[in-house]
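Going from the sequence shown to our numbering is simple: count from 1 and add 131. For every residue, glycine included, the Cβ atom is placed at its ideal position computed from N, Cα and C. None of these values were measured; they are calculated from a predicted model.
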Amino acid sequence: MKNNSNKITITYILILTIVAVLGHYFVLSFSAATSPEAILKYNYVKDLLLILFSSLFFKYILIQNDKKNESVFKKLQETNNEIIDSNERYDIVAKATSDTIWDWKIEEDSFIWNKGIQGVFGYSKEDVGKTSKWWFDRIHPEDSLKMSVKLYSFLEQKTEKWQDEYRFQCADGSFKYVFDRGFLVKDKEGKPIRMIGAIQDVTKQKEEEQRLRLLETVITQTKDAVMITDIDTTENVIPNIIFVNSAFTDMTGFPAEEVIGKSPAMFFGPKSDIMEFDKLKTSIQDYKECFIETISYKKNKDEFWVNFSMIPITNKDGEHSHWISIQRDVTEEKVRDKEREQLIRELTQNNKDLKQFSYITSHNLRAPLSNLTGLLNLLDDMIVEDLELKEILNGFSKSTHLLNETINDLVKVVIIKDNPSIEKEKVLIKEIFENVFNQLSFLISLHKPILKIDLEEVTILNINKSYLESIFLNLLTNSIKYRSENRQLRVSITSKVIEDNLILTFKDNGIGIDLQRNKDKIFGLYQRFHNHPDSKGLGLYLVKSQVEAMGGTITVESEIGKGTTFTIIFKNN
Numbered sequence: 132m133k134n135n136s137n138k139i140t141i142t143y144i145l146i147l148t149i150v151a152v153l154g155h156y157f158v159l160s161f162s163a164a165t166s167p168e169a170i171l172k173y174n175y176v177k178d179l180l181l182i183l184f185s186s187l188f189f190k191y192i193l194i195q196n197d198k199k200n201e202s203v204f205k206k207l208q209e210t211n212n213e214i215i216d217s218n219e220r221y222d223i224v225a226k227a228t229s230d231t232i233w234d235w236k237i238e239e240d241s242f243i244w245n246k247g248i249q250g251v252f253g254y255s256k257e258d259v260g261k262t263s264k265w266w267f268d269r270i271h272p273e274d275s276l277k278m279s280v281k282l283y284s285f286l287e288q289k290t291e292k293w294q295d296e297y298r299f300q301c302a303d304g305s306f307k308y309v310f311d312r313g314f315l316v317k318d319k320e321g322k323p324i325r326m327i328g329a330i331q332d333v334t335k336q337k338e339e340e341q342r343l344r345l346l347e348t349v350i351t352q353t354k355d356a357v358m359i360t361d362i363d364t365t366e367n368v369i370p371n372i373i374f375v376n377s378a379f380t381d382m383t384g385f386p387a388e389e390v391i392g393k394s395p396a397m398f399f400g401p402k403s404d405i406m407e408f409d410k411l412k413t414s415i416q417d418y419k420e421c422f423i424e425t426i427s428y429k430k431n432k433d434e435f436w437v438n439f440s441m442i443p444i445t446n447k448d449g450e451h452s453h454w455i456s457i458q459r460d461v462t463e464e465k466v467r468d469k470e471r472e473q474l475i476r477e478l479t480q481n482n483k484d485l486k487q488f489s490y491i492t493s494h495n496l497r498a499p500l501s502n503l504t505g506l507l508n509l510l511d512d513m514i515v516e517d518l519e520l521k522e523i524l525n526g527f528s529k530s531t532h533l534l535n536e537t538i539n540d541l542v543k544v545v546i547i548k549d550n551p552s553i554e555k556e557k558v559l560i561k562e563i564f565e566n567v568f569n570q571l572s573f574l575i576s577l578h579k580p581i582l583k584i585d586l587e588e589v590t591i592l593n594i595n596k597s598y599l600e601s602i603f604l605n606l607l608t609n610s611i612k613y614r615s616e617n618r619q620l621r622v623s624i625t626s627k628v629i630e631d632n633l634i635l636t637f638k639d640n641g642i643g644i645d646l647q648r649n650k651d652k653i654f655g656l657y658q659r660f661h662n663h664p665d666s667k668g669l670g671l672y673l674v675k676s677q678v679e680a681m682g683g684t685i686t687v688e689s690e691i692g693k694g695t696t697f698t699i700i701f702k703n704n
C-alpha cells in the first residue's frame with residue numbers, strides 16, 4: 132500500500148514538472164512579441180490550466196485507486212469471511228468430536244488451546260498455561276517418559292507420524308485416558324516450526340476395553356463351559372454357535388472349529404429329554420431365559436448329564452443380539468442324587484422296620500412282664516426264711532422293675548417319633564413346675580438341694596403339657612441323681628422371653644459331663660456317662676425328642692466337677 136502511494140506521488144510530480152517546463156518554455160518564446168500585460172494574463176491562464184489539469188489528473192488517479200482499493204477490500208472481505216467460516220467449522224467439528232485442539236509454536240514455545248481444555252478437562256481460562264511445560268506437567272508420571280520419547284522422535288523427523296495414548300490430569304486432580312495425534316508445519320527449509328494436535332477423551336472406551344478384557348478372561352478361564360450363539364433361527368430352531376471356550380472343549384471333546392457355525396442341537400441324542408428340548412426351543416422363540424437339565428453327548432458318543440442355560444443378550448439399543456449359554460457337567464451330582472434317594476428309601480424302610488420291631492417287642496414283652504410283676508407281688512406276701520433265696524428274689528424283682536421302666540420309656544420314644552402332630556395347648560410354666568416339684572418332693576426333702584426358681588409369669592403357646600412336664604421331671608431328677616458328694620447341691624431354674632423366644636435354663640453344680648469325649652453322644656440313645664446304678668441312658672434322649680417334637684432346641688454346657696447347664700429355646704408364637 133505504501134509503495135503504491137509513492138508511485139502515484141512520483142508520477143504526479145513528474146507530470147506537473149513537464150507541464151510547468153513546457154509552459155515556461157512557451158512563455159519565453161511568446162514574451163518577445165507580446166506586451167507585459169498579455170504575458171501576465173497568459174501566466175494566469177497557464178496557472179489556472181495547470182491547476183485544472185492537475186486536479187483532473189489527480190481525480191482520475193484517485194478514482195482508479197479507489198477502484199483498486201475496492202477490489203482489494205472485497206477480496207480481503209471474502210478471505211475474512213472464508214476464515215470466519217473455516218473457524219466456525221473448525222469449532223463445530225471440535226465440539227462434535229469432543230476433541231481438544233492445541234497449537235504449539237515450537238521455536239517460541241507458545242501454546243494455544245481451544246475451549247475443549249475447559250469443557251473436557253475442567254480448566255478455567257486463567258488456569259491454562261501457555262507453554263509446553265504446562266502440557267507435559269499434566270501427563271501422568273507413568274506415561275510421561277514413553278510419550279516424550281515418541282514425540283521428540285517425531286519432531287526430529289525420525290518417524291512419519293505421531294499419535295499416542297496417555298493419561299492427562301483434569302482440573303480436579305483426576306486423570307482421563309486420551310488419544311492424542313499431531314501434525315507438523317515446516318518452513319521452506321523443512322524445519323519444524325509449528326505443531327497442531329487434537330486430544331480425544333477415550334476414558335469410556337478404555338474402561339469398556341478393560342471391562343471386556345476382564346469378561347474375556349472370565350469366559351476363557353472359567354471352569355464352566357461357555358457357548359455363544361447368534362440369533363438367526365431361519366435354518367435351525369436353536370441358533371448357530373459363534374464361540375466356545377476351552378472348558379467347553381474339555382467337557383464335550385469338541386474343538387471350537389468343529390462346532391462353530393453349527394446348532395447346539397447336535398449335542399442332543401436318543402436319551403436326551405425331549406420335554407427339556409421343547410422347553411429350550413420355546414424359550415428361544417420367546418427370547419426368554421431358559422434352564423434345562425438333560426443327557427447330552429460328547430464327541431466320542433459318551434453320555435453325560437448337563438446343566439444347560441440359555442440367556443438372551445441385548446446391545447446398547449436394547450436389541451437382541453446374541454444368546455450366551457453356561458453349561459456344567461452334573462453327572463457326578465446325578466449319581467450322588469440317585470445314591471441319596473436309594474439311601475433315603477433304605478433308611479425309611481429300616482425306620483419302618485425298627486418301629487414295627489419296637490411295637491412288637493414292647494407288646495410281646497408287656498404280657499410276660501405283667502405276669503412276672505404279678506408273681507413278684509404274690510411273693511411279697513410270702514415269708515421267705517432262706518436269706519440266699521430272699522436275696523435272689525430281691526434282685527429278680529429289681530431287674531424286673533428296671534426292665535418294665537425301660538419298656539415304658541421305649542414306648543414313649545416310639546410314640547414321640549411316630550406322632551409328629553402332638554396335641555398342643557397354652558401352658559403356664561409355673562403350674563408345670565409345681566406338678567414336678569410335688570412328684571419329686573420326697574427326693575427334694577431327702578437331699579435338701581438349694582433351689583433357685585425364677586420363672587416368669589408367662590404362658591407358652593403351642594406346647595404339649597405332658598411333654599414339658601416330662602422334660603422338667605427328667606432334668607431335675609438328673610440334677611439330684613448326679614449331684615456331687617463334696618458340696619451341697621444347688622439347682623437354678625430360670626425362664627426369660629427375648630423377642631419371640633422363650634428360653635428355659637436348668638443349671639446345677641453336680642459332677643458334670645466330659646464334653647470333650649462325649650459331646651456327640653450327650654443326647655444319644657442308651658448313652659451313659661456315669662456308673663450310677665439307676666442310669667439307663669434314656670432320659671436325655673427322651674428330653675431331646677420331646678423338645679424337638681414341640682419345635683424347640685436344646686443345648687448343653689458342662690465341666691467335670693463344676694456342673695451342667697441345659698438351655699431350651701421355644702418359639703413362643
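Enclosing alpha helix (DSSP H) for residue i [first to last residue]
| i | result |
| --- | --- |
| Y418 | No alpha helix (DSSP H) contains Y418, which DSSP labels as neither H nor E. |
| K583 | It is not in any alpha helix (DSSP H) - K583 instead sits in the beta strand (DSSP E) that spans I581 to D585. |
| L646 | L646 to N649 |
| M382 | S377 to T383 |
Buried or exposed by the 16-neighbour rule on C-beta atoms within 10 Å, applied to residue i
| i | result |
| --- | --- |
| F267 | exposed |
| D448 | exposed |
| M326 | buried |
| G670 | buried |
| K317 | exposed |
| K307 | buried |
| Y283 | exposed |
| Y191 | exposed |
| L180 | exposed |
| F299 | buried |
| D258 | exposed |
| I194 | exposed |
Proximity below 8 Å, CB of residue i to CB of residue j
| i | j | result |
| --- | --- | --- |
| Q249 | M358 | no |
| L586 | I624 | yes |
| G682 | G641 | no |
| I237 | P323 | yes |
| F398 | T380 | no |
| V678 | T684 | yes |
| E600 | V622 | no |
| Y418 | P395 | no |
| F435 | D404 | no |
| F697 | F637 | yes |
| I373 | T353 | no |
| F356 | A378 | Position check: residue 356 holds Ala in this sequence, whereas Phe was assumed. Result yes, Cβ atoms of A356 and A378 sit closer than 8 Å. |
| D311 | G253 | no |
Between the CA atoms of residue j and residue i - distance to the nearest angstrom
| i | j | result |
| --- | --- | --- |
| T445 | W293 | 38 Å |
| T479 | Y672 | 21 Å |
| L606 | K702 | 20 Å |
| G328 | E424 | 58 Å |
| F314 | W235 | 10 Å |
| E477 | N617 | 50 Å |
| F408 | N431 | 21 Å |
| D651 | K675 | 13 Å |
| D433 | I415 | 27 Å |
| V375 | S456 | 9 Å |
| M513 | L507 | 10 Å |
| K529 | N569 | 25 Å |
| E213 | K199 | 21 Å |
| G260 | I270 | 14 Å |
| D363 | I369 | 8 Å |
| L646 | I594 | 30 Å |
| I644 | L520 | 39 Å |
| E562 | L582 | 17 Å |
| E280 | V309 | According to the sequence shown, residue 280 is Val rather than Glu. Whole-angstrom Cα-Cα distance: 17 Å. |
| E209 | N196 | 20 Å |
| E239 | S263 | 10 Å |
| T365 | E389 | 21 Å |
| V152 | E201 | 36 Å |
| T504 | S597 | 26 Å |
Endpoints, beta strand (DSSP E) assigned at residue i
| i | result |
| --- | --- |
| L633 | N632 to D639 |
| L315 | F306 to K317 |
| S440 | E434 to T445 |
| E688 | T684 to E690 |
| Q300 | W293 to Q300 |
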